[in-house]
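See structure below.
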Ligand code: SAH
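Numbering (the numbering used here), first residue to last: 93 to 339.
In structure tokens:
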């Protein structure tokens, strides 16, 4: 009887300690995200002469403070989730540096009523950041295993406004087009025409374009009300290549 009571007390204590540790680490992660956000905000100020943006819109900053990047990366690198750098996510792919995710989201000028397309789902993190700021995110990933994992992560975190498709994002998502925004997180050598065709008048596309050797330029392409497009070069960047064959 005593043994049983002791066991109950001991397991009760262990449970309480476990809960405390879990709460403490959740608190630490929120604090780590706030620290990372300050770093990103300082990167924004530092790169203003290239990007034309010194700060993040409130929604973008709030999204970076909220989305749990550590849930999107493999366990082996989760400890580094709140460092301002890209991380491997398997299959030779990477989750972009948080500053780049922030900048790309910012350049899209996301609004609550927007419908956006992402090409290159990867871990799903960029899609989650977007989903915090817009009505609907369509995202396409060419590596099936990554797309499926991202879909599961996004569902587990309760994102109901993100749809993941496995396929070649070069072709866009014609059934859901046209889009207010298109963000491409893998680098093609030229801007895919299907994506240009799926951009609304007034819409914005953020895309890294260039050869793999020597890096790429992050471009902001806007479609004017009269249908013309204007391309602005924002920042030298380095992305994994946009590939064409579904694997
Ligand atoms: N946005 C991602 C980072 C992705 S890295 C994140 O937040 O984690 C770029 C991704 O683009 C890789 O997962 C790669 O497999 C994918 N990709 C490359 N070519 C593609 C294509 N043609 N269509 C869709 N996805 C592609």
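The beta-carbon is built from N, C-alpha and C at its ideal position, and this holds for glycine as well.
Here the structure is a predicted model, which is why all the values come from computation and not from measurement.
Integer Cβ distance of residue i from residue j, believed to fall under 8 angstroms
{"i": "residue 202", "j": "residue 226", "result": "5 angstroms"}
{"i": "residue 124", "j": "residue 160", "result": "With a Cβ gap of about 10 angstroms, residue 124 and residue 160 do not count as contacting."}
{"i": "residue 174", "j": "residue 220", "result": "Actually they do not touch by this definition, with Cβ atoms about 15 angstroms apart."}
{"i": "residue 277", "j": "residue 212", "result": "4 angstroms"}
{"i": "residue 327", "j": "residue 139", "result": "6 angstroms"}
{"i": "residue 261", "j": "residue 208", "result": "So it is not a contact: roughly 13 angstroms between Cβ atoms."}
Own chain, CB closer than 8 angstroms to residue i, minus 5 neighbours either side, in chain order
{"i": "residue 257", "result": "230, 231, 232, 233, 239 and 265"}
{"i": "residue 156", "result": "125, 128, 129, 132, 148, 190, 193, 194 and 221"}
{"i": "residue 295", "result": "270, 271, 272, 273, 274, 314 and 315"}
Distance between residue j and residue i (C-alpha atoms, nearest Å)
{"i": "residue 259", "j": "residue 241", "result": "14 angstroms"}
{"i": "residue 142", "j": "residue 313", "result": "15 angstroms"}
{"i": "residue 204", "j": "residue 198", "result": "13 angstroms"}
{"i": "residue 222", "j": "residue 249", "result": "14 angstroms"}
{"i": "residue 331", "j": "residue 317", "result": "30 angstroms"}
{"i": "residue 162", "j": "residue 168", "result": "10 angstroms"}
{"i": "residue 308", "j": "residue 300", "result": "6 angstroms"}
{"i": "residue 336", "j": "residue 137", "result": "36 angstroms"}
{"i": "residue 91", "j": "residue 183", "result": "This structure leaves residue 91 out entirely; the chain is present only between 93 and 339."}
{"i": "residue 200", "j": "residue 297", "result": "7 angstroms"}
{"i": "residue 154", "j": "residue 306", "result": "34 angstroms"}
{"i": "residue 224", "j": "residue 286", "result": "26 angstroms"}
{"i": "residue 151", "j": "residue 158", "result": "10 angstroms"}
{"i": "residue 178", "j": "residue 186", "result": "6 angstroms"}
{"i": "residue 206", "j": "residue 293", "result": "13 angstroms"}
{"i": "residue 236", "j": "residue 135", "result": "33 angstroms"}
{"i": "residue 176", "j": "residue 329", "result": "15 angstroms"}
{"i": "residue 341", "j": "residue 210", "result": "A question about residue 341 goes unanswered here, because the residues of the chain that appear run from 93 up to 339."}
Opposing strand residues paired with residue i [DSSP bridges]
{"i": "residue 138", "result": "DSSP lists no partner for residue 138."}
{"i": "residue 277", "result": "Beta-bridge pairing links residue 277 to no other residue."}
{"i": "residue 233", "result": "258"}
{"i": "residue 226", "result": "Answer by DSSP bridge pairing: none, since residue 226 is not bridged."}
{"i": "residue 328", "result": "309"}
{"i": "residue 271", "result": "291"}
{"i": "residue 210", "result": "231 and 275"}
Close beta carbons around residue i, own chain, < 7 angstroms, minus the five adjacent residues each side
{"i": "residue 93", "result": "In this prediction, residue 93 scores a pLDDT of 47, lower than 50, which makes its location untrustworthy; no coordinate-derived value is stated."}
{"i": "residue 171", "result": "none"}
{"i": "residue 284", "result": "262"}
{"i": "residue 243", "result": "256"}
{"i": "residue 303", "result": "281"}
Sequence-distant residues of the same chain with beta carbon closer than 6 angstroms to residue i, five excluded per side
{"i": "residue 322", "result": "314"}
{"i": "residue 269", "result": "290"}
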